[in-house]
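Participant: Structure provided below as structure tokens; questions to follow.
Numbering (my numbering), first residue to last: 7 to 147.
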């Protein structure tokens, strides 16, 4: 006799947790959870009878989905047919292309600076007569 009320309580508790707030009747969902847990013999019966808006299986009538749920329902579209997905792919491709161009430009600028630095060092050596520490010709005495 202990197992039947316990199984009913577990079923009603899980059913209550899976029910949306819009489909609960008479009390907020959290109140139903407390009722189910505190009154574990009577609570599940009350939940099953009066706590949830149920649909009639024979006619299919009932409260139906809320207006928010009806507004959110959309037909599923495959990713290759979804224009938003295709736009995001195009935007990602353009962003990667712009990033690669910026990186290539930065590398070219770094090479240009390196070449200018080498030219400046050559010019400096030429002006000083080649007597720098890197000069390979021995001084004449």
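Even for Gly, the Cβ is constructed at its ideal location relative to N, Cα and C.
Please read all numbers here as calculations on a predicted model, not as lab measurements.
Which residue marks the beginning of the alpha helix (DSSP H) containing residue 15, and which one marks its end?
Facilitator: Residue 15 sits at position 9 when you count from the first residue of the chain shown. Element bounds for residue 15: 9-24.
Participant: Need the endpoints of the alpha helix (DSSP H) that residue 89 sits in, please.
Facilitator: Taking the first residue of the chain shown as 1, we reach residue 89 at position 83. Residues 89-133.
Participant: In or out: residue 57 buried (at least 16 other Cβ within 10 Å) or exposed?
Facilitator: Along the chain shown, read from residue 1 onward, the residue named residue 57 stands at position 51. Buried, since its Cβ has 16 or more Cβ neighbours within 10 Å.
Participant: Quick one: what does DSSP say residue 31 is sitting in, helix, strand or coil?
Facilitator: Residue numbering aside, residue 31 sits at position 25 when the chain shown is read from its first letter. If DSSP states are grouped into helix, strand and coil, residue 31 belongs with coil.
Participant: For the alpha helix (DSSP H) that contains residue 57, what are its first and last residues?
Facilitator: For the purposes of this step, residue 57 is taken as the residue at position 51 of the chain shown. No alpha helix (DSSP H) holds residue 57; DSSP gives it neither H nor E.
Participant: Could you check the C-alpha separation between residue 114 and residue 94 for me, to the nearest Å?
Facilitator: If you number the chain shown from 1, residue 114 lands on position 108. If you number the chain shown from 1, residue 94 lands on position 88. Computed Cα separation, rounded: 30 Å.
Participant: Comparing C-alpha positions only, which one of 87, 12, 41 and 123 sits nearest to residue 22?
Facilitator: Along the chain shown, read from residue 1 onward, the residue named residue 22 stands at position 16. Measuring from the Cα of residue 22, the nearest candidate turns out to be 41.
Participant: Can you find at least 3 beta carbon pairs, one from the stretch 42-51 and one from the stretch 83-102, that sit closer than 8 Å?
Facilitator: No: the two stretches stay apart, fewer than three of their Cβ pairs being nearer than 8 Å.
Participant: Please go through the same chain and pick out, in chain order, the residues whose beta-carbon is closer than 6 Å to the beta-carbon of residue 111, but skip the five residues on each side of it.
Facilitator: Locating residue 111 in the chain shown gives position 105, counting from the first residue. If we look at residue 111 and ignore the five residues flanking it on each side, it has no Cβ neighbours.
Participant: Buried or exposed for residue 18, please, with buried defined as at least 16 other CB atoms from any protein chain shown within 10 angstroms of its CB.
Facilitator: Here residue 18 refers to the residue found at position 12 when the chain shown is read from its first residue. Buried.
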